[in-house]
Structure formats: C-alpha cells, structure tokens
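I have placed the structure first, in the form of structure tokens, so that the comments after it can refer back to it.
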Amino acid sequence: MLDGEEVSGTSTRSAAAAGLGGSLLAAVVLCAAGGTAATALADRHDLTVTPLTQAGVPVDVQSAAAPRSVTVGSVAEQRSRTSARASLRDELTSVMRELAQPDRARPSEPPVPQRPRSAAPTYGTVTSSYGARWSTTHYGLDIANSIGTPVVSTSDGQIIESGPADGFGLWIRVLQDDGTIGVYGHINETLVSVGQRVLAGEQIATVGNRGYSTGPHLHYEVWQQDGPKLDPAQWLRTRGVYVVG
C-alpha cells in the first residue's frame, strides 16, 4: 500500500503543479490587464501579485493579444525577385566561362568561292581542232555558236591588241600570265582595249562571222612569244579545262 500511496501522491502533486502553472500563466495575462481576477487567483495559491504596470513594465494588452498579419503576396514577390536574380547570375556565369575557353568552338564563316584560273573561251560545238589539213595546218580550235555568244578570256592577262586583223576580220590578243599569247579571231564585237587587265572567265568579246569564215564561230589559238603555236585544246587540258562538242 505504501508504493501505491506514493505513486498516488506523486500524481496528485504533478497535477497540482500543472494546474498551478496554468493558473499562473492566466494570472500573468490578467495581471497585465490590471484585473481583480489575477489577485483572487494569487490569494488562492498564497502568492503575491504585482501588476506589470506598477513594476515599471509597459504592457499593451491589445497589441499583445492582437494577431500579427503577414502579407503573403509581398513575401512571394520577394522570393520571385530573388530567384530571378539568382537565375540571371547563373546564366551570366555560364556565358563568362564559355568565353574564357580559348579553344571554344566558334561559328565558321562560309568559305570564299575560289576564282577560276582558267576558262573555256566560249561554249558551242567544236567544228575543227588543231592539226594538219591537206596541204596546210589548222592552228586553232573552232567553236561554232550564234553571233553574239559571249567570248571570255581563258587566263588572267593583259590586252596587247584589239581590232581589225587580216583573215580574222576582227581579233583580240591577250598576253597571258604564263607568257603565252591567246588569240581570239572572227569575233563580232570587242569589249576591251589595249593595255587593259583581264581575268580568266571575264567577257572580252562576242562570237562573230568576220574575215575568212564559213559561219559564226570563234577561232582560238595559243602562241608562244618566240613563234611556235601550241595545241589550244591540249593547253587548256593542262589547266583543267576540257572543250568538247
């Protein structure tokens, strides 16, 4: 029975302490308000109560009791701005790291098209090539086409003659950059003048039917400066230009 009474007594004291604690808490609140209920509660538990206002502690019961308000929208906006700043900072950091890499792949510019170094003098049908003809030799390459068809320089060079010529009617001679001379005969119209610099593929004349000619065509020859005349088709082939037709 002693153990039971001891347990019971302990429980009773714990309950009393809990009740006293709760009463004291209520008394503090009531005391802050200066009410008589606090005094009565203190008398019952043999306590001395001094109002907080008399103890020199200012108390605003209304402010203490009133619930505080928090503007949820303001907090959300602040968090959004903070997140945006963090995201921008991360993005800038990433860009700076990429720019700092010396071997960073950069967009390549499109390649510049290479200008041709050689070109066919015109286009059309090959009616006669370089070689022997009965009792003579044909030294040129004849390419037939309609009058007015463009004629271009086969190589970079300089115009050394442009005008009338026996047998050819009208011709152009170009001192080509390899030292040879390109000859363009039977042309209808010349578009260049002596001393002018021309490039491979640049138009210099038009196909004609002037001089001793059996029909509209271009007669093209290649001369060495010391006199011998070369096979123009072979000369073009060594430069990657093939004239067929």
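Heads up: the sequence shown begins at 6 in the working numbering, then just goes up one per residue.
For glycine and all other residues, C-beta sits at the position ideal for the given N, C-alpha and C.
None of these values were measured; they are calculated from a predicted model.
* **Which listed residue (Thr132, Ser151, Ile152, Tyr247) has its alpha carbon closest to that of His143** => Thr132
* To do: Taking Asp182 as the reference, give the member of Ala89, Asp161, Val248, Gly216 with the closest Cα.
  => Asp161
* To do: Would you decide whether Pro115 is buried or exposed? Buried here means 16 or more other CB atoms lie within 10 Å of its CB.
  => exposed
* Keeping to the same chain, check which residues put their C-beta closer than 6 angstroms to that of Thr195; ignore five residues upstream and five downstream. => Ser167, Ile177, Ala210
* Among Ile192, Gly187, Thr185, which residue has its Cα nearest to the Cα of Phe173? -> Ile192
* Under a Cβ-count criterion, where at least 16 other Cβ atoms within 10 Å of its own Cβ denotes burial, should Ala1 be classed as buried or exposed? -> Only positions 6 to 250 of the chain appear in this structure, which leaves residue 1 out of reach.
* What number of angstroms, rounded off, separates the C-alpha of Val179 from the C-alpha of Ser113? -> 39 angstroms
* Asked: Using DSSP with H/G/I as helix, E/B as strand and the rest coil, what is Asp182?
  -> coil
* Asked: Which class does Val246 belong to by DSSP, given the choice of helix, strand or coil?
  -> coil
* So Ile164 and Gly216 are in contact, right, with Cβ under 8 angstroms, and what is the actual spacing, rounded? -> Not quite, the Cβ-Cβ distance comes to about 19 angstroms (not below 8 angstroms), so this is no contact.
* Between the Cα of Val157 and the Cα atoms of Arg202, Thr87, Gln83, which residue gives the shortest distance? -> Arg202
* Residue environment, Pro237, which counts as buried when at least 16 other CB atoms sit within 10 Å -> buried
* With distances taken between CB atoms, is the gap from Pro155 to Gln208 smaller than 9 angstroms? -> yes
* **Exposure of Pro169, with buried meaning 16 or more beta-carbon neighbours within 10 Å** => exposed
* Fully enclosed by the stretch 113-178, which alpha helix (DSSP H) runs are 4 residues long or longer? -> none
* To do: Compare the beta carbon distance of Gly129 and His222 with 9 angstroms and say whether it is the shorter of the two.
  => yes
* Asked: Between the Cα of Gly206 and the Cα atoms of Pro233, Val246, Pro121, Gly184, which residue gives the shortest distance?
  -> Pro121
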